[in-house]
Structure formats: C-alpha cells, structure tokens
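Asker: I have a structure I would like to understand better, so I am pasting it below and will then ask my questions one at a time.
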Amino acid sequence: MSATDTIKRYFDAFNAKDTEAMLACLDAEVAHHVNEGQIRSGKTKFAEFCAHMSHCYDETLTDMVIFEAEDGTRAAAEYIVNGTYLNTDAGLPEARGQSYRLPAGSFFSLTDGKISRVVTYYNLADWIRQVG
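Quick note on numbering: the UniProt record's numbering labels position 109 of the sequence shown as 109, and the sequence is numbered without any gaps.
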C-alpha cells in the first residue's frame, strides 16, 4: 500500500468518525504534533485526543489533496475543515453551535506502511474569528 493510500484511508476514517480505523493506520509509537500544542506520543494519547475533539467539534474534511514523497516515507495533505463547534474547549471561545470553514494541512512520516508522525496546521486566529 502506498503512502497516499494509507493517508487516504486515515482521512476516510476521520470523515466516518471511526477512531478505531484511524488508529489502525498508525504506528504504535506515533508522534502527534497538534497545532499550537504539545507532542503526544503513542496510540493511547492519540485516541484520547480524538475523544476530546469529538466531544468539542463535529468536523468533516473536504477538497483533499494528498502529496507523497518519491520514497513513500513522507506525505502531506491540504484540505478544508468544515465544522461545528459543539462544546466549549478550555481556553477558547464559548461554543454555541457555530459553524466554521478553515483551510488546513497535515504532514506525515510513514514507517513500514504505518503513520509514525502526524503534524497538523491551521490558522487558530481565523478559527477564533469565525466562532467568536
């Protein structure tokens, strides 16, 4: 399976809200670099992050473009996050069911066909403006 196939499977699982299928794409020691946050290591921390995000946000990714390095060990994706802010996240504006649409990107490292690093970027100031 190519890196592109793995990344597509990962994002298809995200859009299906299937955390278990997302976890199946990850290396056991995955390094998850959260936008403007700390690095979380391992599938357990990743699953905890997903549970928190699902509580606070309902998101679907569209307009996906995936890029793959020639050797298949790295990939990137650009997409639009279409979301609803469901429950107030600590330190952020109050949730009132606001909708948002936000360009974002992710970078990946792959080891033995599994995602070993996920880095996600989006413009937090733009998101705050949209939900504020």
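Virtual Cβ for every residue (Gly too), placed ideally from N, Cα, C.
Do the CB positions of residue 84 and residue 58 come within less than 8 Å of each other?
Answerer: Cβ atoms of residue 84 and residue 58: closer than 8 Å.
Asker: Roughly how many angstroms lie between the CA atoms of residue 101 and residue 80, to the nearest whole one?
Answerer: Spanning the two alpha carbons is a distance of roughly 7 Å.
Asker: Who are the Cβ neighbours of residue 21 in its own chain at under 6 Å, not counting the five residues just before and after it?
Answerer: If we look at residue 21 and ignore the five residues flanking it on each side, its Cβ neighbours are 13.
Asker: Excluding the 5 residues flanking residue 26 on each side, which residues of the same chain have their C-beta closer than 7 Å to its C-beta?
Answerer: The answer, listed in chain order, is 43, 46, 114, 115.
Asker: Would you tell me roughly how many angstroms separate the C-alpha atoms of residue 95 and residue 55, rounded to the nearest one?
Answerer: Near 11 Å, if we compare the C-alpha coordinates of residue 55 and residue 95.
Asker: With a CB to CB cut of under 8 Å and the five nearest residues on each side skipped, what residues in its chain are close to residue 19?
Answerer: Only 13, 47, 50, 51, 54 meet the Cβ criterion.
Asker: Please determine, among 97, 109, 87, 92, the residue with the shortest C-alpha to C-alpha distance to residue 73.
Answerer: Cα-wise, what sits closest to residue 73 is 109.
Asker: On a CA-only basis, which of 41, 132, 131 is nearest residue 31? Give me that one, please.
Answerer: Here the closest residue by C-alpha is 41.
Asker: According to DSSP, is residue 54 part of a helix, a strand, or is it coil?
Answerer: Looking at residue 54 - three-state DSSP - the assignment turns out to be helix.
Asker: Going by DSSP, name the residue or residues bridged to residue 114.
Answerer: The partner list for residue 114 (beta bridge, DSSP) reads 111.
Asker: Pick out whichever of 87, 106, 23 has its Cα sitting closest to the Cα of residue 64.
Answerer: For residue 64, the nearest C-alpha among the options comes from 106.
Asker: Roughly how many angstroms lie between the CA atoms of residue 3 and residue 37, to the nearest whole one?
Answerer: If you take the alpha carbons of residue 3 and residue 37, they lie about 25 Å apart.
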